[in-house]
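Okay, so here's the structure we're looking at.
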Amino acid sequence: MPLIQYGQDLYEELGDNTSTAQATPFSNWQLTKFTFNSKKYYLFVEIDTGLVVVTQKIDKSEFDDVLIGLSHAWDYIVQNQRIDIANANLETEFTFAHNDLVNSEVTAKIQNYIEEGSQLKQKLTLYHDDELNYAEKLTVMSLILMTFSDPSNDVVEKIAEKANEVFPVKTQRPKSNTKYWDLRMQFEDPDHWKQYEYQDISDNAKISNEIKQNNEKLVDQYFKYAQVDYRRYLIDHKRQLLDFVNSYLLNNELRFVNSNLGDVAYYIWWGVNRVYQVDDKIPKKKKDLMVDQLLDMFSDFYLFLSRVGLIRQADAKKIKQFCEEQHERYFYSELENDEYFGDDIDFEEFAHDIMDNPDKFRKIAQAKETPPEVVKIITDMLDLVDMMPKRSKSKNVPTENKERNSATYEIRTKLKDFRPSIWRRFIISGNSSVEILERAILYMFNVDWGHMYDLYNPETGVRYENQRNIDAMSEWGPRDSINSEKVKVSAFNEGEKLLLSYDYGDGWEFEVNIKKIDDTKEPPKYPYIISGKGLGIIDDIGGVWSLEDYYNTPEDEMDPELLDWIGGEKIDLDKFDKEELNEGLQHPPYWE
Numbered sequence: 001m002p003l004i005q006y007g008q009d010l011y012e013e014l015g016d017n018t019s020t021a022q023a024t025p026f027s028n029w030q031l032t033k034f035t036f037n038s039k040k041y042y043l044f045v046e047i048d049t050g051l052v053v054v055t056q057k058i059d060k061s062e063f064d065d066v067l068i069g070l071s072h073a074w075d076y077i078v079q080n081q082r083i084d085i086a087n088a089n090l091e092t093e094f095t096f097a098h099n100d101l102v103n104s105e106v107t108a109k110i111q112n113y114i115e116e117g118s119q120l121k122q123k124l125t126l127y128h129d130d131e132l133n134y135a136e137k138l139t140v141m142s143l144i145l146m147t148f149s150d151p152s153n154d155v156v157e158k159i160a161e162k163a164n165e166v167f168p169v170k171t172q173r174p175k176s177n178t179k180y181w182d183l184r185m186q187f188e189d190p191d192h193w194k195q196y197e198y199q200d201i202s203d204n205a206k207i208s209n210e211i212k213q214n215n216e217k218l219v220d221q222y223f224k225y226a227q228v229d230y231r232r233y234l235i236d237h238k239r240q241l242l243d244f245v246n247s248y249l250l251n252n253e254l255r256f257v258n259s260n261l262g263d264v265a266y267y268i269w270w271g272v273n274r275v276y277q278v279d280d281k282i283p284k285k286k287k288d289l290m291v292d293q294l295l296d297m298f299s300d301f302y303l304f305l306s307r308v309g310l311i312r313q314a315d316a317k318k319i320k321q322f323c324e325e326q327h328e329r330y331f332y333s334e335l336e337n338d339e340y341f342g343d344d345i346d347f348e349e350f351a352h353d354i355m356d357n358p359d360k361f362r363k364i365a366q367a368k369e370t371p372p373e374v375v376k377i378i379t380d381m382l383d384l385v386d387m388m389p390k391r392s393k394s395k396n397v398p399t400e401n402k403e404r405n406s407a408t409y410e411i412r413t414k415l416k417d418f419r420p421s422i423w424r425r426f427i428i429s430g431n432s433s434v435e436i437l438e439r440a441i442l443y444m445f446n447v448d449w450g451h452m453y454d455l456y457n458p459e460t461g462v463r464y465e466n467q468r469n470i471d472a473m474s475e476w477g478p479r480d481s482i483n484s485e486k487v488k489v490s491a492f493n494e495g496e497k498l499l500l501s502y503d504y505g506d507g508w509e510f511e512v513n514i515k516k517i518d519d520t521k522e523p524p525k526y527p528y529i530i531s532g533k534g535l536g537i538i539d540d541i542g543g544v545w546s547l548e549d550y551y552n553t554p555e556d557e558m559d560p561e562l563l564d565w566i567g568g569e570k571i572d573l574d575k576f577d578k579e580e581l582n583e584g585l586q587h588p589p590y591w592e
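Numbered by the UniProt record's numbering, the letters in the sequence shown go through residues 1 to 592 in order.
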């Protein structure tokens, strides 16, 4: 619940509001106003962290739009934390409270920065882009005020610390017979000092030294079994890891390598930015290599921690994913500053050109006359293209095949990357919309409908999603998807292999294979399951790797908080009730 406290400057507009509501983390705001370039703005500053949101109206919808835009810039915390911070403000309306004593130090510094004027004007000119929409321009102004109003600004550190305190990314231990747990610890289990976790031990030299010595043993064992070749590393890899475990994690309060994944995420972000800010005399290629090495090291180190049983492999994969995100962000920031191309290149358009014509650009990169700088940029972009969702080719996409509207489609779908396999074989009318197909599959796999979804054809590059999804995602960037409500299943051909994605945070994926098209049988009125295995997913559990860990963990060894969250007893993922599912499929649209 966003608590909005304001002083005398807004009394006339908002009146004498009072509230007994208690401020909650990331939603305790001071509201003031300012004028810039003859335009009136409202300044929201989160009192505890210094987060800044600028709007031109005291309007919850406008505030939400800017906050969502800002969340893209929070690359120093993990995705779930970004979502949690945003949701702390998005889920309820404003609660106003008149308070003449409210006084945020950050607000005062920002107001002074605005009054000086010239620097703000200069920064807005520098980041000006005619293609930005209304909310995006306010987002840019918010970021500028938060970043540049105080040279000693530690807002990022405050946000990361608060996020790790309020929304920690907890790890779990794997079950003892897990296959990937293939190494014995050659150091003391950190649980030996569990009683000191999250305490300040700076005055306890004995315990502090014990933990540091143990961390050195942990790091030494890692380098024995590391899957990265450190012989050509530019960074001092051992010194870097020891700085992380014996300096950063022991600062203010004791944390272990498996206490909170948010800690390592922020340290990685800090390390990447430190490379970015070092002496400009260091060649760009060397900086690129240093960043790659730093990210590879932490990704491999957390994989090692799963091998000694300190964390699950699913936890290690979260760090790997965060490192991949950092690599992508770092590469783009460096690319946009590359002097080789000058100031007139639209890098987003350039990336899209590569997406649309990858073979053409591979040939350019392979040509002898292509400058090495250009070769690197193209090859790096092609690597990114391979990781990014393909752009839809919206031209000449068939919406139906009238001859197959009366056909029966037999489809097999399964949850990707989960063992043991969870799958369904079912039939559906060719006259059904692709939207009904998507919903039916998700219904078959036990989703709670709390997230967005889409169906993608990798062969054609076409993505199908409903209009609500398209409208929501358009706030994050241009969409060229096909409206799934306006396309029929008959548009698909026998043998096509599609991919259904659900919940872009947890990243559930379902392989959808068109096995047979039969025009001799009467099509079913509703989708009908022929056979299958397994229950499906558990929404918000953390994705397929977390679901697999959940499946492999006996109920008596499960985290009590997780067990309580799912209803007090373990859900049977082997359960498959075909009759119950087919009964439910007779009542579309399967949600709400």
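Don't be surprised by glycine CBs; every beta carbon is placed ideally from N, CA and C.
Since the model is a prediction, treat every value here as computed from it, not as a measurement.
query	result
C-beta atoms of N405 and S490 nearer than 8 Å	yes
Euclidean distance between Cα positions of T20 and V102	15 Å
Whole-number beta carbon distance between S481 and E496, since they are thought to touch under 8 Å	With a Cβ gap of about 17 Å, E496 and S481 do not count as contacting.
Segment contact, 8 Å Cβ cut-off, at least three pairs: the region 65-84 with the region 262-270	yes
Cβ contact check for the region 65-72 and the region 132-151: 3 or more pairs under 8 Å	yes
For W476, three-class secondary structure by DSSP	Model confidence at W476 stands at a pLDDT of 46, short of 50, so the residue's coordinates are unreliable; what they give is reported in the following sentence. The answer is helix: DSSP assigns W476 an H, G or I state.
Between the CA atoms of N37 and I4 - distance to the nearest angstrom	26 Å
Cα-Cα separation between L305 and E253, rounded to whole angstroms	21 Å
Cβ pair count under 8 Å reaching 3, the region 496-508 against the region 451-460	yes
Burial state of W29 (16 or more Cβ within 10 Å)	buried
Beta-carbon spacing of F426, I537 below 8 Å	no
Nearest candidate by alpha-carbon position, reference N215, set A205, D229, L242	L242
Coil, strand or helix - Y409 by DSSP	strand
Helix, strand or coil at F576 [DSSP, three-state]	coil
The region 184-194 in contact with the region 280-293 per 3-pair CB rule at 8 Å	no
Backbone secondary structure at Y41 - three-state DSSP	strand
Counted within 10 angstroms of its Cβ, other Cβ atoms place K414 as buried (16 or more) or exposed	buried
Exposure of R232, with buried meaning 16 or more beta-carbon neighbours within 10 Å	exposed
Option nearest A23 by Cα separation, candidates D48, Y502, N17, Q8	D48
C-beta contact flag for F187 and Q240 at 8 Å	no
Entirely enclosed alpha helix (DSSP H) segments - the region 437-469, minimum 4 residues	none
Extent of the continuous alpha helix (DSSP H) run through V66	60-71
Beta strand (DSSP E) segment containing W508, residue limits	508-518
CA-to-CA distance, N164 to D16, given in whole angstroms	36 Å
Pick from R439, W508, V397 that is closest to R463, judged by C-alpha positions	V397
Simplified DSSP state of S501, which is helix, strand or coil	strand
Spatially closest choice to W565 from T408, D540, F63, L573, by CA coordinates	D540
Neighbourhood of T55 by C-beta, 8 Å cutoff - its chain only, sequence neighbours within 5 removed	Y41, Y42, F44, E62, F63, V66, L138
Touch test, the region 291-306 against the region 93-111, Cβ-Cβ under 8 Å, three pairs minimum	no
V228 vs D182 beta-carbon contact at 8 Å	no
Element boundaries [alpha helix (DSSP H), containing T18]	T18 -> no alpha helix (DSSP H), and no H or E assigned at all.
N-terminal and C-terminal residue of the beta strand (DSSP E) that Q5 is part of	3-6
Neighbour-count burial assignment, K121, 16 or more Cβ in a 10 Å radius	exposed
T520 versus A407, D236, Y504, S104, residue with shortest Cα-Cα distance	A407
Backbone secondary structure at G271 - three-state DSSP	helix
Classification of N260 by the beta-carbon crowding that lies within 10 angstroms, buried from 16 upward	buried
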